[in-house]
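**Student:**
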Amino acid sequence: MYRYDEFDARFVKERVAQFRYQVERRLSGELTEDEFKPLRLMNGLYLQLHAYMLRIAVPYGTLSARQLRMLAHIARKYDKGYGHFTTRQNIQFNWPKLVDVPDILDDLATVEMHALQTSGNCIRNVTADHFAGAAADEIEDPRPIAEIIRQWSSLHPEFSYLPRKFKIAVGGAAHDRAALKFHDVAVEIVKNDAGETGYRVYAGGGMGRTPYVGHVVGDFVAKTDILAFLEAVMRVYNQSGRRDNIYKARIKILVNALGPEEMRRQVEREFAEIKTGGTLEVPAEEIARITDYFAPPKFEPLSDASPEFEAARNADANFRAWSDINLSTHRAPGYSIVTISLKPIGGVPGDASHEQLDALADLMDQFGIAEIRVSHEQNLVLPHVRKKDLPAIHTRLAELGLATANAGLVTDIIACPGLDYCDLANARSIPIAQRLSERFADLKRQRDIGELKIKISGCINACGHHHAGHIGILGVDKKGVEFYQLQLGGSGAEDASIGEILGPGFGEHEIVDAVERVVDTYLEKREGSERFLDTVRRLGLEPFKERAYAGWAFHI
Amino acid sequence: MASLPQILTANRLRDGDVVYWRGGSWVTSLADAEVFPDDPSAEAVLKAADAFVKGREVVNPYLFDVRIAAGEIKPVKEREIIRAAGPTVRPDLGKQSLGKWAYDV
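Residue numbers (the working numbering), protein chains in the order written: chain D, 117 to 672; chain Z, 495 to 599.
#1: For Tyr537(D), count neighbouring C-beta atoms within 10 Å of its own C-beta (all shown protein chains included) and say buried if the count is 16 or more, exposed if not.
#2: Around the C-beta of Ile617(D), are 16 or more other C-beta atoms found within 10 angstroms, so that it is buried, or is it exposed?
#3: Please classify Ile672(D): is it buried, with 16 or more other beta-carbons within 10 angstroms of its beta-carbon, or exposed?
#4: Which residues mark the beginning and the end of the beta strand (DSSP E) in which Arg508(Z) is found?
#5: Under 8 Å, do Val303(D) and Ala319(D) count as touching if we go by C-beta distance?
#6: Could you check where the beta strand (DSSP E) with Ala302(D) kicks off and where it finishes?
#7: Check each candidate in Leu161(D), His166(D), Met117(D), Ala404(D) and name the one with the smallest Cα separation from Thr582(Z).
#8: Contact criterion: CB-CB distance below 8 Å. Does Leu498(Z) meet it with respect to chain D?
#9: Since Pro499(D) and Gly249(D) are thought to touch, with beta carbons under 8 Å apart, how far apart are those beta carbons, to the nearest angstrom?
#10: Going by the CB atoms, is the gap between Asn495(D) and Ser457(D) shorter than 8 Å?
#11: Show which residues of chain Z have a CB atom less than 7 Å away from the CB atom of Tyr315(D).
#12: Does any C-beta atom of chain D lie closer than 8 Å to the C-beta of Val560(Z)?
#13: What in chain Z is Cβ-close to Gln550(D), meaning under 9 Å?
#14: So is Lys571(Z) in contact with chain D if we call contact Cβ pairs under 8 Å?
#15: Alpha carbon to alpha carbon, how far is Ala609(D) from His331(D)? Give it in angstroms, no decimals.
#16: Are Val570(Z) and Leu498(Z) closer than 8 Å when you measure CB to CB?
#17: Quick one: measure Cβ to Cβ for Leu476(D) and Ile488(D), integer angstroms, because I've assumed they're closer than 8 Å.
#18: For the region 588-601 of chain D against the region 554-565 of chain D, do three or more pairs of beta-carbon atoms, one drawn from each stretch, fall closer than 8 Å, so that the two count as touching?
#19: I'd like the list of long-range same chain contacts for Asp474(D), defined as Cβ closer than 7 Å, with 5 residues on each side in sequence excluded.
#20: For Asp536(D), return the contacting residues in chain Z, with the cut-off set at a CB-CB distance below 9 Å.
#21: In terms of residues, what are the limits of the beta strand (DSSP E) holding Pro569(Z)?
#22: Please report how far the alpha carbon of Ala543(D) lies from the alpha carbon of Gln134(D), in whole angstroms.
#23: Tell whether a beta-carbon distance below 8 Å holds between Pro449(D) and Leu418(D).
#24: Suppose you measure from the CA of Ala348(D) to the CA of Phe387(D); what does that come to, to the nearest Å?
#25: Take Arg141(D) as the anchor and find which of Trp211(D), Glu130(D), Phe127(D), Arg156(D) has the nearest alpha-carbon.
#26: Out of Glu640(D), Val634(D), Arg555(D), state which residue places its alpha-carbon closest to the alpha-carbon of Lys661(D).
#27: What residue range is occupied by the uninterrupted alpha helix (DSSP H) comprising Gly393(D)?
#28: For Thr202(D) and Thr326(D), what's the separation of their Cα atoms in angstroms?
#29: Given a threshold of 16 other Cβ atoms within 10 Å of its Cβ, counted over all protein chains shown, does Glu673(D) qualify as buried or as exposed?
#30: From Lys391(D) to Ala404(D), what does the alpha carbon distance come to, in whole angstroms?
#31: Tell me where the beta strand (DSSP E) around Gln601(D) begins and ends.
#32: With burial defined as no fewer than 16 other Cβ atoms inside 10 Å of the residue's Cβ, what is the status of Arg171(D): buried or exposed?
#33: Where Ala289(D) and Gln550(D) are concerned, what is the direct C-alpha to C-alpha distance, given to the nearest angstrom?
#34: Whose Cβ in chain Z lies nearer than 7 Å to the Cβ of Pro547(D)?
#35: Looking at C-alpha atoms only, which residue of Val306(D), Cys238(D), Glu263(D), Glu312(D) is the closest neighbour of Pro279(D)?
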């Protein structure tokens, strides 16, 4: 794992001291709320419906057991005993007191964590494929470059006051697990014909009220040039991005207003200019130094067949189902990647209690697992697990309520906090996720349905990624009543697409039935092993629309 | 059209808790909040809240509409119902957990 050097440690410590002083000045009246608000946002502190909310960065989604224990401690000591993992690999606490936040940040700094740049019009926490360093299909671990980008973008003077927030994701495999094409900028590790590794750079993707799939602005950027190239993208955006209208201020609007070709031309011009100066070349030895931090653990020379694993599969149907669904192929023989679902049937997607966080840290120590990952799908991942340890790990996870077998299935639902917590929301998201999860609880049925990603947002800002859901649900407020719009055919993977709205919204008590009718339509009409998404793409919306609105009085 | 009765709310600066105006100070339960029957009285108290903002007691004061039925205050907007009670998905949290306040949304 990356460890802070003396500069990182001093920088974070100074920022906590600064914020402590800012809070004191706010409480003494030296600062007004208008003056204080941007300062608290720069430190990840929002004021939500019920209380303040602190968003803590989990860079590229990687946590150690020690950090997990600290999050448990914060949940227990300063909050209400739980945390909420977000769609950007962060964790949020929903009830901190302003007066406690400097102490929380001090505690976080002791485990090399912070809440910087988790809000505001800056480059936010850099996210990455949650299977980084473990996936069998990976070209290269995306986290070293994510860390390099994090260092470059932290307090970058030129990019601290961008037209709007800016989100960067990095992926290292052809299978996109990081929703790359829905980011302001994404970096995909690729190989060229000569077998060299470099970066494909996308810009202008995003969700929100105007969703776009990102465009390639750099086909193959050399490793040492990546910061110069990203700086070129940022300069074009910083100079030409709109500041007059908050709804048109993201880079996606600029890229699509200019057109991808013109955007490329302007980026290339800036890039050439920066390259002439030569100041932003990343030294190869620095890349190597940072890459060393992310070196995989020393894998034991194991056979891929594990008798302990097979015996448990034969003896225990629950284990068999869980291992079928929640395990992914690891690059090393005899190892597996474990998805720990934070979507228990009827539960709140992404929530974890302090007891669970502590117990997971103990489990990591017990089985020599150095890292745990937060996924943008609001689950946790143990990236490097010996197959022979899986039965014991499963038993422990089951005791903790963390062994739900549903990764990638219809009950593995992404949902934003919605109107239950969020100041911006128009409708609740979590209860819809809960009711859907209960409706589709039967595992046999879930497995029959297969891969199906439902994503729910409580407002147009789309934190619940509804545009990228195979089934997307958007909560809206119609004269004080919650309604839910259904979208079909979105994807956040390498085959990225934006879902299409099916028709008028459904009431709170209608939406679950409507989703079930859509799923039933798929089951009737699918061909062979076709996924839900593929059936929607093949048939279009019409058959789904017909069934979803069956019995409605209006003409569709 | 006559305006609906209104209530003045804010968040407490130190801890962010939701508070309501009652007779020149702030209470934590919607059931205890003062109801203003018309715009002039509501606007006057919103202005009076400025002193509490300057005094660092509360932030972001604003008015919202309510209906009174059988002596019970019910906010018009769901947002205010949830703010008054707590997350609908966690009845053990927020003001509802104190047994003072619970609404069916």
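Think of the CB as a built atom: it goes at the ideal place given N, C-alpha and C, for glycine as much as any other residue.
**Tutor:** If we stick to the structure as given:
#1: buried
#2: exposed
#3: Low per-residue confidence applies at Ile672(D): pLDDT is 43, beneath 50, and the placement is therefore not dependable enough to give any value.
#4: First-last for Arg508(Z): undefined, no H or E at that position.
#5: no
#6: 301-307
#7: His166(D)
#8: no
#9: 6 Å
#10: yes
#11: Chain Z residues near Tyr315(D): none, gap ~41 Å exceeds 7 Å.
#12: no
#13: Val583
#14: yes
#15: 14 Å
#16: yes
#17: 7 Å
#18: no
#19: Arg185, Ala188
#20: Ile576, Gly580, Pro581, Thr582, Val583, Arg584
#21: 566-569
#22: 37 Å
#23: yes
#24: 5 Å
#25: Arg156(D)
#26: Val634(D)
#27: 376-393
#28: 21 Å
#29: In the structure as shown, chain D starts at 117 and stops at 672, and residue 673(D) therefore has no counterpart that could be examined.
#30: 21 Å
#31: 597-604
#32: buried
#33: 32 Å
#34: Thr582, Val583
#35: Cys238(D)
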